[in-house]
Amino acid sequence: MAHEHDTTHQQSGDADQYDFAAIQEKWLPRWDELDPFRAGRPGDTRPRKYVLDMFPYPSGDLHMGHAEAFGYGDTVARYWRQQGFDVLHPIGWDSFGLPAENAAIKRGIDPKPWTYDNIAQQKASFRLYAPSFDWSRELHTSDPEYYKWNQWLFLKLYEQGIAYRKDGQVNWCPNDQTVLANEQVIDGHCERCGFEVTKKSLTQWYFRVTDYADRLLDDLNQLEGRWPSKVLAMQRNWIGRSTGADVEFEIEGREERISVFTTRPDTLFGATFMVVAPDSALAAELAAGASPEVQERFETYLHEVQSETEIDRLSAERPKTGVFLGRYAINPVNGERLPIWAADYVLADYGHGAIMAVPAHDQRDLDFARAFDLPVRVVVDTNAPITGAIPVIPLDEHGVPMLPDEAPSENPADTGEALAGDGRMINSGPLDGLSKRNAIRKVIDLLEQRGVGRASKNYRVRDWLISRQRYWGTPFPIIHCAQCGEVPVPEDQLPVRLPDAEGLDLRPKGTSPLGAADDWANVACPNCGGDARRDTDTMDTFVDSSWYFLRFLNANDDDRAFDPAEAEKWAPVDQYVGGVEHAILHLLYSRFLTKVLFDLGYLSFTEPFTSLLNQGMVIMDGSKMSKSKGNLVEFAGELRDHGTDALRVTLAFAGPPEDDIDWADVSPVGSAKFLARAWRISGEVTSPTDVEWKSGDRALRRVTHRFLADAPGLVEAFKFNVVVARLMELVNATRKTIDSGPGAGDAAVREAAEVTAMALNLFAPYTAEDMWERLGYEPTVALVHWRKADPSLLVEESVTAVVQVDGKVRDRLEVSPKIATDELEKLARASAAVQRSVGDREIANVIVRAPKLVNIATKR
């Protein structure tokens with residue numbers, strides 16, 4: 032079905048036949064001359080809209096996913112122009128990155144020409160697909176003119192301490208030989224190549240995203256109703272704010288306390304041991320102060336843990352493993368000595384890399400305690416009511432609260448099931464009898480009074496690791512000097528250009544290929560003039576895409592990243608369109624940098640994208656397209672066989688944008704036939720352009736004006752498929768008026784044809800433009816304002832009332848929409864068709880649903 036040729040595709044010389052190829056060939060150069068979509072022309076006083084599509088990665092030609100996403104974005108952009116707005120709708124390429132470098136290595140070529148050849152191919156395909164882009168603002172993130180401003184932005188964050196460098200355990204892809212941010216690890220595997228990710232100790236650059244965690248979370252409230260609820264939930268879950276307390280524990284033999292974050296400080300009296308992450312600096316320090324035997328066991332265990340993924344370590348199904356470090360912590364609320372263990376179920380980057388273990392009330396702690404025969408103490412009576420009177424808790428001979436009689440049978444040490452519910456505190460000294468909420472408040476007060484704790488928050492999100500040990504990316508504008516340390520490259524020396532790849536071995540080997548570019552890397556220190564070296568890592572390409580929407584405002588300005596005055600005019604983005612696969616990484620990073628730039632005084636807003644539209648996937652026969660499955664539908668082939676407009680109408684008509692589109696279930700042939708019907712009408716109109724529309728056929732005018740009234744709301748609700756369906760109804764009504772009514776010369780036919788052309792501009796720009804010219808107008812229809820509906824034509828003059836006798840339709844009556852129930856029943860009974868059907872039978876019952884239904888039941 033997908034490749035069946037359209038029977039309406041005829042030779043371009045036949046003026047009566049719809050020829051999509053000839054129409055495309057005709058209008059592309061005309062649009063190039065007119066340049067109708069350039070935004071922000073001097074003197075343009077129209078209100079502004081900024082519509083942006085997530086810019087593509089140039090991995091090859093465009094594909095069907097691009098066709099869908101950019102088709103939707105273009106519909107929105109064209110709509111707002113017709114509503115009288117000056118619309119900024121730019122295009123660029125996210126052209127740095129690992130896939131281009133890997134593809135170049137595989138082919139034995141330089142990634143630069145490979146990337147720019149792909150851009151040229153995609154640009155040619157885009158032009159044929161006819162999105163209403165402002166091509167004057169085109170950008171590529173791999174151009175020095177762009178990445179210069181990545182470096183400028185980095186330096187601004189470095190000045191504020193938001194960009195920093197540190198040692199730590201990082202995610203490492205052994206295949207791509209580079210580090211990955213947490214967000215780039217999917218189920219323990221590299222999102223790019225699928226290899227299992229390991230941990231490695233490296234010194235890397237980070238952005239302090241955690242400093243903005245509260246704002247990133249709380250500001251999502253601004254986006255309610257404007258972003259998909261699923262995306263908002265994904266953002267909230269990823270940030271993952273937890274409230275609790277930081278509790279300071281003394282360590283025997285260590286001068287400095289360690290801080291532990293817990294969401295349940297009320298259970299401090301139930302802590303019976305402490306666990307630290309084996310790959311944390313704290314674990315290494317504590318083991319180093321222990322006996323040689325402990326040190327040896329710890330080193331063996333650490334080696335085992337480093338081969339595990341985070342998914343494995345956090346799995347509740349795995350047996351618990353760990354080693355005792357021979358050290359003890361002191362519980363700050365009761366002075367008890369707590370043995371310190373290293374165990375893989377604690378991660379180095381969670382909280383402070385250490386936890387207090389309360390096995391009676393945490394399943395992972397309980398599993399560990401049972402595995403190593405550690406004490407289990409219940410401190411929450413989950414059988415006690417948490418409302419009403421505080422229960423009386425009996426004490427033993429030592430004054431210690433006793434568990435209820437039934438408690439021994441529920442002791443987690445015996446059952447293996449932690450007590451996770453709420454209840455009343457027991458075995459907890461001054462907290463006994465309190466509910467969870469009151470106990471948390473009281474114990475935090477107690478910790479603060481003693482100077483050993485405070486209320487705190489913890490976050491799932493981590494600081495953004497932006498270093499990459501690869502070539503094809505933005506070089507860091509930092510020079511390392513033995514005398515001066517980290518030295519920023521002066522702004523007037525930006526950009527730090529990426530050296531040519533010639534002579535460099537780009538194959539992954541664990542260190543950046545730039546380290547071998549001695550002529551580039553060895554430089555004089557800007558401070559002291561001594562020998563120094565450039566930083567040889569490159570930036571994560573998510574840095575490039577986290578602010579590109581601002582660069583579009585001044586894409587050709589060599590003096591600044593963007594003009595704050597232009598940002599005030601255009602930004603934030605009014606409508607952002609793209610795939611839900613970017614719901615976490617890209618959106619989170621863009622939101623973060625927007626808030627940083629707001630704090631630095633460059634922006635007046637804190638959220639980059641006001642409204643978000645996520646499209647589904649284009650699939651085939653129920654599954655994702657791939658060459659290996661043999662179900663690939665090629666974008667270029669669809670354009671060749673059916674034309675741009677048929678492809679765009681098919682995608683718009685297929686269903687709601689967020690749903691997947693199965694190409695096996697749609698018909699570009701049917702779309703082409705619909706477009707041919709509409710196009711032929713424009714050539715049949717014989718009335719002049721200045722005809723008085725009010726003189727036209729009222730029935731057709733009512734269909735036309737109902738469409739004019741309803742379509743804007745449907746477009747703004749992204750119900751593009753409904754708009755196309757309504758447009759098909761209008762074309763059919765127009766054809767009926769021509770063939771069976773007043774004829775092609777009627778003023779209503781011209782009005783309907785013009786409205787059809789205007790509306791088709793949203794989905795089928797070539798056909799719309801050609802229709803507009805055939806109707807006697809100059810191009811371009813894309814800039815024609817949407818016409819207002821005549822309210823008098825929206826009032827129903829009559830409706831069709833269906834009359835049934837014993838369930839069968841016997842007549843249809845044209846009646847007033849305000850007809851009374853008894854009047855409609857009289858008309859139905861008086862109908863000759865109804866009387867013949869009833870005959871001599873007695874009428875048993877009449878149900879009237881004015882103004883549309885009368886149901887008459889007879890006795891048999």
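Residue numbers for the sequence shown follow my numbering, so the first one is 32 and each next one is one higher.
In this text, a Cβ means the ideal position worked out from N, Cα and C, and glycines have one as well.
Residue i - partner residues in DSSP beta bridges
| i | result |
| --- | --- |
| Ser232 | Gln200 |
| Cys559 | Note: Cys559 sits in no beta bridge, so no partner. |
| Thr569 | Arg499 and Pro506 |
| Arg564 | His511 and Asn553 |
| Ser487 | Gly275 |
| Arg843 | Val833 |
| Pro519 | Ile509 |
Start and end residues, alpha helix (DSSP H) containing residue i
| i | result |
| --- | --- |
| Gln866 | Ala863 to Val869 |
| Leu370 | Reading the sequence as shown, one finds Pro at residue 370 and not Leu. Segment Arg368 to Ala374 is the beta strand (DSSP E) holding Pro370; no alpha helix (DSSP H) there. |
| Tyr808 | Here Tyr808 belongs to no alpha helix (DSSP H), and DSSP marks it neither H nor E. |
| Leu188 | Pro175 to Glu190 |
| Ile471 | Lys467 to Arg481 |
| Tyr110 | Met95 to Gln113 |
| Gly714 | Pro699 to Glu715 |
| Glu599 | Pro595 to Trp601 |
| Ile136 | Leu129 to Arg138 |
| Ala312 | Ala312 to Ala319 |
Nearest-angstrom Cβ-Cβ length linking residue i and residue j, presumed shorter than 8 Å
| i | j | result |
| --- | --- | --- |
| Gly104 | Val82 | 6 Å |
| Glu522 | Arg196 | Their Cβ separation, rounded to whole angstroms, is 20 Å, which puts Glu522 and Arg196 out of contact at 8 Å. |
| Phe705 | Val734 | So it is not a contact: roughly 16 Å between Cβ atoms. |
| Phe583 | Gly123 | 7 Å |
| Asp566 | His511 | 6 Å |
| Arg781 | Val722 | 6 Å |
| Val627 | Leu188 | 6 Å |
Whether residue i touches residue j by CB criterion (8 Å)
| i | j | result |
| --- | --- | --- |
| Phe509 | Phe238 | The sequence shown places Ile at residue 509, not Phe. No. |
| Leu198 | Thr234 | Note that residue 198 is Asp in the sequence shown, not Leu. Yes, the pair counts as a contact, with Cβ atoms nearer than the cut-off. |
| Ala373 | Gly301 | no |
| Ser726 | Ala784 | no |
| Gly647 | Glu689 | yes |
| Leu581 | Ala602 | yes |
| Gly504 | Met85 | no |
| Thr303 | Ala276 | no |
| Gly772 | Asp728 | yes |
| Tyr607 | Ser642 | yes |
| Asn645 | Pro87 | no |
| Pro89 | Ala532 | no |
Proximal residues to residue i (C-beta, below 7 Å), its chain only, five neighbours per side dropped
| i | result |
| --- | --- |
| Gly91 | Asn149 |
| Leu251 | Leu263, Gln266 and Arg267 |
| His220 | Phe226, Glu227 and Val228 |
| Gly419 | Annotation note: pLDDT 48 at Gly419 (below 50); position unreliable, no value reported. |
| Arg622 | Leu247, Glu638 and Pro639 |
| Val25 | The question about residue 25 has no answer, for the chain in this structure spans 32 to 891. |
| Phe593 | Leu581, Arg582, Leu584 and Asn585 |
| Lys467 | Asp297 and Asp453 |
| Ile850 | Ala881 and Pro882 |
Own chain partners of residue i with C-beta closer than 8 Å, once the 5 adjacent residues on each side are dropped
| i | result |
| --- | --- |
| Asp536 | Pro544 and Ala547 |
| Lys540 | Gln208 |
| Val746 | Thr106, Val107, Tyr110, Val754 and Leu793 |
| Cys556 | Ile510, Cys512, Gln514, Cys515, Val518, Asp562 and Ala563 |
Own chain, CB closer than 6 Å to residue i, minus 5 neighbours either side, in chain order
| i | result |
| --- | --- |
| Arg732 | Ala779 and Leu824 |
| Arg867 | none |
| Asn792 | Arg109, Ala799, Val812 and Ala813 |
| Arg368 | Tyr359 |
| Ser654 | none |
Residue i - containing beta strand (DSSP E), residue span
| i | result |
| --- | --- |
| Ala360 | Gly353 to Ile361 |
| Phe292 | Arg285 to Thr293 |
| Met656 | Segment: none, Met656 is in no beta strand (DSSP E) and carries neither H nor E. |
| Ile282 | Arg272 to Ile282 |
| Val604 | Val604 to Gly610 |
| Arg408 | Taken as a continuous stretch (DSSP letters only), Arg408 belongs to no beta strand (DSSP E), as it is neither H nor E. |
| Gln646 | Phe640 to Gln646 |
| Asp84 | Arg79 to Asp84 |
Residue i CB to nearest heavy atom of the ligand NAP below 7 Å
| i | result |
| --- | --- |
| His613 | This structure lacks the ligand NAP, and indeed carries no ligand of any kind. |
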